[in-house]
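Notes follow the structure.
There are 4 protein chains.
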Amino acid sequence: MSEYKALKKECYEANMMLPKLDLVIYTFGNVSCVDRRKGVFAIKPSGVPYEILKEDDIVILDFDNNVLEGKMRPSSDTKTHSFLYKNWIEIGGISHTHATYSVAWAQSQMDIPIMGTTHADHLTEDIPCAPPMKDELIQGDYEHNTGQQILDCFNDKKLSYQEVEMVLIGNHGPFTWGKNAQKAVYNSKVLEELAKMAYISLQINPKAPRLKDALIKKHYDRKHGKNSYYGQN
Amino acid sequence: MSEYKALKKECYEANMMLPKLDLVIYTFGNVSCVDRRKGVFAIKPSGVPYEILKEDDIVILDFDNNVLEGKMRPSSDTKTHSFLYKNWIEIGGISHTHATYSVAWAQSQMDIPIMGTTHADHLTEDIPCAPPMKDELIQGDYEHNTGQQILDCFNDKKLSYQEVEMVLIGNHGPFTWGKNAQKAVYNSKVLEELAKMAYISLQINPKAPRLKDALIKKHYDRKHGKNSYYGQN
Amino acid sequence: MSEYKALKKECYEANMMLPKLDLVIYTFGNVSCVDRRKGVFAIKPSGVPYEILKEDDIVILDFDNNVLEGKMRPSSDTKTHSFLYKNWIEIGGISHTHATYSVAWAQSQMDIPIMGTTHADHLTEDIPCAPPMKDELIQGDYEHNTGQQILDCFNDKKLSYQEVEMVLIGNHGPFTWGKNAQKAVYNSKVLEELAKMAYISLQINPKAPRLKDALIKKHYDRKHGKNSYYGQN
Amino acid sequence: MSEYKALKKECYEANMMLPKLDLVIYTFGNVSCVDRRKGVFAIKPSGVPYEILKEDDIVILDFDNNVLEGKMRPSSDTKTHSFLYKNWIEIGGISHTHATYSVAWAQSQMDIPIMGTTHADHLTEDIPCAPPMKDELIQGDYEHNTGQQILDCFNDKKLSYQEVEMVLIGNHGPFTWGKNAQKAVYNSKVLEELAKMAYISLQINPKAPRLKDALIKKHYDRKHGKNSYYGQN
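Protein chains in written order, with the working numbering: chain A, 983 to 1215; chain B, 983 to 1215; chain C, 983 to 1215; chain D, 983 to 1215.
Next up, the structure:
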């Protein structure tokens, strides 16, 4: 029996949530999760429809993108995942989708402004949209450079990946992450909902303001602060 | 057996309607209901996903927010519910969601105008959007003050909570209520539909007028007036 | 056994299509059908949710709105139905919904322009939006006058009820009809789809033109003309 | 047993995907597929609802539109299909729908601009919208001329049908194709998603730019280029 059985199971189940949550059609998306102790991660194979995906199809790689187990080719976005796992040592799972409203904001090349408490329950910042990559980087090691593009965006905007667990790649779409694969997928769904809410809000009132600082702080802290009182602990 | 069994059942079943009616994802919402004779109310526990929520997880509190029964922490919005039960003595249930179109209007900080008979079948006024709270109130007893904010909004606009069973909290989202938990949830669903209809109407025709007074009165009265002829009695 | 059993069954089954086709929530809608030989029609009882509606709850009335069979109060819109059956002697079924996009156009008080062949496959005219009623008519026999309002709108615009089987009541919502109840419901669904398509088309291109006459004629005739070649005959 | 059994099965199953993928209501659409060796194609019968469609109802025709097998009248769009099969000898299946967002762009008479990598994963060009036909062509052999209209559009814009597997007919709706019926339906679904994404993107930011050339090339090539690395081969 594979020594990666539990990791493959986590990865498989998180991937299967994407179509169930209406975040992908056909093969549009991929989720991975990491085993930090072993220095490996599990990811969806490339181009396999969710209806026929099996737990055993999940591919295991090390952080240098060497396949350790699995008969299939890993997701074409694999190098973006490994780049993030290498650089952001506290994340346990990554999810990438082409969900409609998230992609629409990415295609509009605009950050999603923080407009309400639904947003502040999850993060205190606008959801960043990384600008499109320079041509020479696109023509180079594209998926590796996509990881670099995310990192640069977070550095430029002085964001913390522990607090902001989501990003839009300009003209492409969303990447989200979290302590495990399930949380990464949760963030994909929340992002899609925030993207839809912000879109409609600005259609109703193009001058609608950002959420005021006191409310941002209050809602984030009651869920994530040291005196948080949301949820069961 | 718990003396609150019936109350917990009503509360549980009303909470479970929220995801079924597409009003919430994950843990975004909570419903409560009251037993006026006993001076207690039942509410969803905080942060528990609907898929695993059980009837026995429902928490029973008095109006001063003391837990009388239940092992879990009650909803983080509990003090808003108790505040409303204390001040509005005829309501039997309260529902809070983050439904998409309702939140979008709340984020736009605009009342939802009464534009048609679907609206007038339920209330004769624009659906009020309470302005965001002052910073010192946010930093204070926030959820209690949210209840106060709703009350102030109704006083300022001279609205009756028996006739207008719904409100938007600016930048946050909707609260609705009614004679029991089921009616409160019904109002959440109706509000979401009215919010979507008004949004699309104004996209089609930004100058579309409010409903004329005679139609407002006619539709409200045929359902709620003393000579009402809608429904079975 | 009731002599109206077949009529009640047709009425019941058509009503149950409304929630299945996502045209109504709760009790927002009603369908009727007629037996011309007997001079009676069957209609949904007022305010009964679809989940608990039974075939036996359907009410039978004559065209003067006298209940001939049924223990429940008929739909509050009954007099609009009877008015149309009396005046338009070739229709066999009527459907009334509060479907979202249809209502939005009604609230915008605008005709739905014919913009494509999906529309022309069903009718050659813009979908008429009847202007709101005069106050004295609203305060009078409202539901009867709603029927009159539809008739006046068709007379003013020189429309044929056999060719245009749908109308929007300004600020209220859609009524549709057809040779039987099933066709009336079909028209409610088609109208909702045309309403959504026209809305999005005009959002994309506010100057998008009406469909040209030759295409209107071609698509209508291939389905409804004397040399029609659409469908099996 | 019919010598066309396999072809009819492929055609039937692809047609049944249309309602399942929310691309059609009622009878709004048709899919065909071809047997190049035998010089025949299979197509949905005209006006038959998907709920009652049976594999045996599928009609077999030659490229001159003579029915070779089947008791029902073939789709009213049959001549458009046969025209495309005759002229574009590498396609194996064609799908036609009235999907909402695709039709909305067709009604707006605008090409769908390439705005992101979801689009570039499938084609490198804007999705063409063929202008409405001249009146004399509409009044002539309309469905045959619709095929000609598609061909002319591809010639005018110097597009390759092997690379661009989709088109909008102005004021009408989408046609898509591919190596077989299943791929044609896949392209109908992808087109609908691209149409929705582009619509929302331009609502958010009317000045959002087209995707830059380097990204168009990169995404198309990683899936379709000679060194493609997407999917399993």
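Ideal placement from N, C-alpha and C gives every residue a C-beta, glycine not left out.
Query: Cutoff 7 Å: GLY1029 of chain D Cβ touching any chain C Cβ; Result: yes
Query: Simplified DSSP state of PRO1095 of chain B, which is helix, strand or coil; Result: coil
Query: Rounded separation between LEU1105 of chain A and TYR1202 of chain A - CA only; Result: 7 Å
Query: Other residues of its chain near VAL1085 of chain C: CB distance less than 7 Å, five sequence neighbours each side excluded; Result: GLY1155
Query: Residue-level contact to chain A via CB, MET998 of chain D, 7 Å cutoff; Result: no
Query: Residues in the stretch 1092-1121 of chain C having any Cβ partner in chain D nearer than 7 Å; Result: MET1097, GLY1098, THR1099 and THR1100
Query: Whole-angstrom distance between ARG1055 of chain B and GLY1160 of chain D, CA atom to CA atom; Result: 56 Å
Query: Whole-angstrom C-beta distance between ALA1088 of chain A and ILE1151 of chain A, which should lie under 8 Å; Result: 6 Å
Query: Inter-stretch contact (C-beta, 8 Å, three-pair minimum) for the stretch 1128-1141 of chain A and the stretch 994-1011 of chain B; Result: no
Query: 7 Å Cβ cutoff, THR1060 of chain C in contact with chain B; Result: no
Query: Nearest residue (CA-CA) to ASP1046 of chain A, options A:ASP1038, A:ALA1177, A:GLY1052 and A:THR1060; Result: A:THR1060
Query: Cross-chain neighbours of ALA1088 of chain A in chain D, by beta carbon under 8 Å; Result: GLY1098
Query: Under 7 Å from the C-beta of MET1054 of chain A: neighbouring residues of chain D; Result: GLN1214
Query: Three-way DSSP call (helix, strand, coil) for HIS1104 of chain A in this model; Result: coil
Query: CB of TYR1212 of chain C within 7 Å of CB of SER1058 of chain D, strictly; Result: yes
Query: Min CB distance ASN1012 of chain D to chain C below 7 Å; Result: no
Query: Chain A within 7 Å of HIS1080 of chain B, Cβ atoms only; Result: yes
Query: Whole-Å CB distance - ALA1024 of chain D paired with LEU989 of chain D, under 8 Å assumed; Result: 5 Å
Query: At least 3 beta-carbon pairs within less than 8 Å: the stretch 1172-1181 of chain D vs the stretch 1092-1110 of chain A; Result: no
Query: Buried versus exposed, by CB contacts within 10 Å (16 or more), LYS1219 of chain D; Result: In the structure as shown, chain D begins at 983 and stops at 1215. Residue 1219 of chain D is therefore absent and cannot be evaluated.
Query: Min CB distance LYS1200 of chain B to chain C below 7 Å; Result: yes
Query: Other residues of its chain near PHE1010 of chain A: CB distance less than 8 Å, five sequence neighbours each side excluded; Result: THR1079 and HIS1080
Query: DSSP three-state assignment for SER1142 of chain C, whether helix, strand or coil; Result: coil
Query: Coil, strand or helix - GLU1051 of chain C by DSSP; Result: strand
Query: ALA1112 of chain D in three-state terms, based on DSSP; Result: strand
Query: Completely contained alpha helix (DSSP H) runs for the stretch 1117-1175 of chain B, where each covers 4 or more residues; Result: 1117-1121 and 1124-1138
Query: Residues in the stretch 1118-1151 of chain B having any Cβ partner in chain A nearer than 7 Å; Result: ILE1120, GLN1121 and TYR1124
Query: Endpoints, the alpha helix (DSSP H) within which SER1064 of chain B is located; Result: 1060-1069
Query: Cβ pair count under 8 Å reaching 3, the stretch 1179-1189 of chain C against the stretch 1137-1145 of chain C; Result: no
Query: GLY1021 of chain B burial status per 10 Å Cβ neighbour count (16 or more: buried); Result: exposed
Query: CB contact below 7 Å: TYR994 of chain C versus chain B; Result: no
Query: CB contact below 7 Å: SER1210 of chain B versus chain C; Result: no
Query: Member of D:ILE1071, D:GLU1033 and D:LYS1002 whose CA lies at the smallest distance from the CA of ARG1019 of chain D; Result: D:ILE1071
Query: For ILE1042 of chain D, the residue or residues it bridges with in DSSP; Result: D:ALA1024 and D:GLU1051
Query: Beta-carbon proximity list for ILE1198 of chain A, same chain, < 6 Å, skipping 5 on both sides; Result: ALA1102 and THR1106
Query: Same chain only: Cβ atoms within 6 Å of LYS1026 of chain D, ignoring 5 sequence neighbours per side; Result: ASN997, ASN1012 and SER1057
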